[in-house]
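Peer 1: Numbering (the numbering used here), first residue to last: 86 to 322. Note that the Cβ used here is the ideal one computed from N, Cα and C, for glycine as well. One structure, as structure tokens, below. Some questions next.
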Amino acid sequence: MAQKQSVFGRMSQLLKANVNALIDKAEDPQKMIDQLIRDYTNEIAEAEKAIAQTIGNLRLQEQDLATDRATSADWGSKALAASNKADEARNIGNAAEADKWDNLAKVAIGKQISFEDQAKAMEPAIAQQNQTVEQLKSGLNQMKERLADLKVRRDQLVARQKTAEAQAKVADAMGSINVMDPTSELSRYEEKVRRSEAQVMGQQELASSSLESQFAELETDSSAVEIEARLAALKNK
86 MAQKQSVFGR MSQLLKANVN ALIDKAEDPQ KMIDQLIRDY TNEIAEAEKA
136 IAQTIGNLRL QEQDLATDRA TSADWGSKAL AASNKADEAR NIGNAAEADK
186 WDNLAKVAIG KQISFEDQAK AMEPAIAQQN QTVEQLKSGL NQMKERLADL
236 KVRRDQLVAR QKTAEAQAKV ADAMGSINVM DPTSELSRYE EKVRRSEAQV
286 MGQQELASSS LESQFAELET DSSAVEIEAR LAALKNK
């Protein structure tokens, strides 16, 4: 009985505990929730055993009560039968036989009263036990509901933690890819491409300059030929 009282006492303490306050004050809320889940799981298992034993004892008491009531009713029937026998004997003038049956009826009535008293004495205790069992069942259900809520909150915290870690990794990755950073691989590659483009532009410009120079030289040669031709024409005249 002391063990059961201890279990029920711990049940009461857990139900009275302010779970939200415990979690809010904890340095590591997830560890606190995990500990509470272990506590609730262990106490629920112990409470179920203790309550089952209490219910078993109650059912035995109820069986004893039913037996006492049935036995009392049986002795009442025997008392009635004996009384009827006494009346029959008295009606035919057999006083001694009538007294014998009346005495047996009195004995039966005494037994009936004894079992009635036993039943009456048991009724309040059984009623109280039934009330206690219902309270224990209610408390056990509350603990199971809290345990389910704690598991949901633990899963939510774990999910949030994983999301935060994933976001941190994405932020780190994005920070390492900065196109404005001249030391980054992407920036160096861009600079290399720009230099190649500049070199091509330089080659194109150089080629264009050389071609213009050749045309200019050609134009110079044509003027000299024209001059020589006109000079020869003058001399022929």
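Within 10 angstroms of the Cβ of residue 275, are there 16 or more other Cβ atoms? Answer buried if so, exposed if not.
Peer 2: What you label residue 275 is simply residue 190 of the sequence shown in a count that begins at 1. That one is exposed.
Peer 1: Let me know if residue 228 comes out buried or exposed under the rule of 16 or more other beta-carbons within 10 Å of its beta-carbon.
Peer 2: In the sequence shown, the residue the question calls residue 228 occupies position 143. Its Cβ being crowded by 16 or more others within 10 Å, residue 228 is buried.
Peer 1: When you compare the CB positions of residue 146 and residue 211, do they come within less than 9 Å of one another, or not?
Peer 2: To locate residue 146, count along the sequence shown from 1; it is residue 61. To locate residue 211, count along the sequence shown from 1; it is residue 126. The answer is yes: Cβ separation under 9 Å.
Peer 1: Among 220, 313 and 285, which has the Cα closest to the Cα of residue 136?
Peer 2: Position 51 of the sequence shown, counted from the first residue, corresponds to residue 136. When each option's Cα is compared against that of residue 136, the closest is 220.
Peer 1: Can you tell me the Cα-Cα spacing of residue 124 and residue 242, whole angstroms?
Peer 2: Against the sequence shown, residue 124 aligns to sequence position 39. Against the sequence shown, residue 242 aligns to sequence position 157. Computed Cα separation, rounded: 19 Å.
Peer 1: Measure the CB-CB distance between residue 167 and residue 190 and report whether it falls below 9 Å.
Peer 2: The sequence position of residue 167 within the sequence shown is 82, counting from 1. The sequence position of residue 190 within the sequence shown is 105, counting from 1. Taking 9 Å as the Cβ cut-off, residue 167 and residue 190 qualify as a contacting pair.
Peer 1: Taking C-alpha atoms, which residue in 116, 118, 130 and 117 lies nearest to residue 226?
Peer 2: Working through the sequence shown from its first residue, we reach residue 226 at position 141. That would be 130, whose Cα lies nearest to the Cα of residue 226.
Peer 1: Using 8 Å as the threshold, is the region 144 to 158 in touch with the region 191 to 211, meaning 3 or more CB pairs across them?
Peer 2: As far as the Cβ criterion goes, the region 144 to 158 touches the region 191 to 211, which means the pair count is three or higher.
Peer 1: Assuming residue 118 contacts residue 239 under a Cβ cut-off of 8 Å, what Cβ separation, rounded to an integer in Å, is found between them?
Peer 2: Along the sequence shown, read from residue 1 onward, the residue named residue 118 stands at position 33. Along the sequence shown, read from residue 1 onward, the residue named residue 239 stands at position 154. Yes, residue 118 and residue 239 are in contact; Cβ-Cβ is about 5 Å, under 8 Å.
Peer 1: Roughly how many angstroms separate the alpha carbons of residue 132 and residue 237, rounded to a whole number?
Peer 2: What you label residue 132 is simply residue 47 of the sequence shown in a count that begins at 1. What you label residue 237 is simply residue 152 of the sequence shown in a count that begins at 1. Those two C-alpha atoms are separated by around 22 Å.
Peer 1: Any idea what DSSP makes of residue 188, helix, strand or coil?
Peer 2: Residue mapping note: residue 188 aligns to position 103 of the sequence shown, counting from 1. Residue 188: helix per DSSP, three-state reduction.
Peer 1: Considering residue 159, what are the terminal residues of the alpha helix (DSSP H) in which it resides?
Peer 2: In the sequence shown, the residue the question calls residue 159 occupies position 74. Segment 114 to 176, the alpha helix (DSSP H) holding residue 159.
Peer 1: Going by beta-carbon coordinates alone, are residue 214 and residue 139 separated by less than 9 Å?
Peer 2: Along the sequence shown, read from residue 1 onward, the residue named residue 214 stands at position 129. Along the sequence shown, read from residue 1 onward, the residue named residue 139 stands at position 54. Result yes, Cβ atoms of residue 214 and residue 139 sit closer than 9 Å.
Peer 1: Residue 384: buried (16+ other C-beta within 10 angstroms of its C-beta) or exposed?
Peer 2: Absent from the model: residue 384. The displayed extent of the chain is 86 to 322, so no value can be given.
Peer 1: Tell whether a beta-carbon distance below 9 Å holds between residue 186 and residue 171.
Peer 2: Translated into positions along the sequence shown, residue 186 becomes position 101. Translated into positions along the sequence shown, residue 171 becomes position 86. Yes. Within cutoff.
Peer 1: DSSP on residue 215, reduced to helix/strand/coil?
Peer 2: Start at 1 with the first residue of the sequence shown, and residue 215 comes out as number 130. Residue 215: helix per DSSP, three-state reduction.
Peer 1: If you measure between the beta carbons of residue 143 and residue 218, is that distance less than 9 Å?
Peer 2: Here residue 143 refers to the residue found at position 58 when the sequence shown is read from its first residue. Here residue 218 refers to the residue found at position 133 when the sequence shown is read from its first residue. Yes, the Cβ-Cβ distance between residue 143 and residue 218 is below 9 Å.
Peer 1: Is residue 179 helix, strand or coil when you go by DSSP?
Peer 2: Residue numbering aside, residue 179 sits at position 94 when the sequence shown is read from its first letter. The answer is coil: DSSP assigns residue 179 none of H, G, I, E or B.
Peer 1: Mark residue 183 as exposed unless 16 or more other C-beta atoms lie within 10 angstroms of its C-beta, in which case mark it buried.
Peer 2: Within the sequence shown, numbered from 1, the residue matching residue 183 stands at position 98. Residue 183 is buried by the Cβ-count criterion.
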